[in-house]
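Scroll down for the structure; my scribbles are underneath it.
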């Protein structure tokens, strides 16, 4: 091969993707079975491409082939030859495209075959035998040969019921907590909510398609992904222009189609930043008042909280609360709330109240708290922000979502508060805490006497 056969230049960009995950065993197969046929440069190129793969990388940030020349310390012809060897052995597929930044290649990696699959391929076996000889070929076959258990042995493997008999007995009558968790887990497995046409019509799809037309994205592509795109719009309050930019930056590098997984990842990365206004803490309200009395007589801070609960999106409300805590929005928090929203169990205002309750009990939104309290609210028909606030005040949830009836031990309190931001607490919460301290003080005196 000469320089005229090389299909790329050092200035051409490239991206790396894969069709399956790689493990340590596959690296062993690559070295022992493939490297004698590939040669050291092709093997090094394969491993280098693996390290340069980044699922979060977008086309505008792609590296250039110059980096491969530097890493491998070879010329263009050597890399072209190595690439073709990888393609011939089924370890690599190569695609090419061109955009505003110029020409770029996409390298799609495939894992090495397992030894039994490799030796079943006549051409691969023949190439390896010709390269390493009969003696080494037989040694490798024996090395990778599996040794199943023979039939003349008696199996004495323990089963689950013999090791955990008490769990098997208890499974006949599941505890309430386990049954509740199982019920909520079943809800999580339901198909994602399908938005109605009336919901979808609140988003300007024609304008979005007009912006994306320069990227050759068809109406069929948008229709295929409408539900997820609208869900991202609803949760993060993303307008049509910003949504178009996000979609354009996450197009599939091979097919130029909408890559919905990358879109969700990019939105998560871009929007998990603390924005919003300081939070107003709710003040106590009598449980005996009606909802209308609650609205008319609530304090200014409580009315401000309820106003934002109703008006802000789930993400914006979380950001509003985090701004007050001087914290940041964790990706796990966003996933928990999006999952709950997708299940269509509560309106956004109730989800916001769950967020408020969770951040009142701890520094982050957690799955354990949300699922426990969501179950409690479902079972008790908590369907308005006012009812939710009353429930929060009466239950005084712990960080795990359980009603707090006793003070926590000093050690637990000290560990949980070590990294907490000190913030104002509602008067009703302070009164309940003082009451618990008073009761504990009386109990200690009784113990001493």
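In our numbering, the protein residues as written are 1 to 449. Note that the Cβ used here is the ideal one computed from N, Cα and C, for glycine as well. Predicted model only: the values in this text are computed from it and were never measured.
- A direct Cα-to-Cα measurement between residue 84 and residue 208 gives close to 41 Å.
- DSSP, reduced to helix, strand and coil, places residue 39 outside both helices and strands of the structure shown, so it counts as coil.
- In the three-state reduction of the DSSP assignment, residue 249 falls in the coil class.
- Setting aside the 5 residues that flank it on each side, residue 348 is surrounded in the same chain by 314, each with a C-beta closer than 6 Å to its C-beta; the list follows chain order.
- If you look at residue 16, you'll find it in the beta strand (DSSP E) that goes 13 to 18.
- Every alpha helix (DSSP H) stretch that sits fully inside the region 344 to 403 and reaches 4 residues is listed by chain position as 348 to 361, 367 to 379 and 385 to 395.
- Between residue 137 and residue 128 a beta carbon distance of about 6 Å is seen, short of the 8 Å cut, so the two are scored as contacting.
- In the DSSP assignment, residue 102 falls within the unbroken beta strand (DSSP E) covering 102 to 109.
- Checking the DSSP bridge columns, you'll see residue 98 partnered with 103.
- Under the three-state reduction of DSSP, residue 92 is assigned to strand.
- The DSSP-derived three-state label of residue 31 is helix.
- Burial is judged here by how many other beta carbons sit within 10 angstroms of a residue's own beta carbon; residue 238 has at least 16 and is buried.
- In this structure, residue 321 lies near residue 355, with their beta-carbon atoms less than 8 Å apart.
- In the DSSP assignment, residue 163 falls within the unbroken alpha helix (DSSP H) covering 160 to 163.
- Across the structure, residue 256 and residue 246 are spaced so that their CA atoms are roughly 14 Å apart.
- Counting along the chain, the unbroken alpha helix (DSSP H) around residue 270 starts and ends at 260 to 271.
- Between residue 266 and residue 249, the C-beta gap is smaller than 8 Å, which places the two residues in contact.
- If you ignore the 5 residues before and after residue 367, its C-beta comes within less than 6 Å of the C-beta of 336, all in its own chain and listed in chain order.
- Spatial neighbours of residue 262 in its own chain (CB-CB distance under 6 Å, excluding positions within 5 residues in sequence) are listed in chain order as 250.
- In the DSSP annotation of this structure, residue 238 is not part of any alpha helix (DSSP H), being labelled neither H nor E.
- Residue 403 and residue 390 do not touch by the CB rule: their CB atoms are close to 13 Å apart, not below 8 Å.
- Where residue 132 is concerned, the enclosing alpha helix (DSSP H) starts and stops at 122 to 143.
- Residue environment for residue 202: exposed (fewer than 16 other C-beta atoms within 10 angstroms of its C-beta).
- Counting along the chain, the unbroken alpha helix (DSSP H) around residue 223 starts and ends at 219 to 224.
- Proximity of the region 103 to 123 to the region 21 to 41 meets the contact definition, three or more beta-carbon pairs being nearer than 8 Å.
- Only residues of its own chain outside the window of five on either side were considered, and among them 346, 351, 354, 370 and 374 have a CB closer than 8 Å to the CB of residue 340, listed in chain order.
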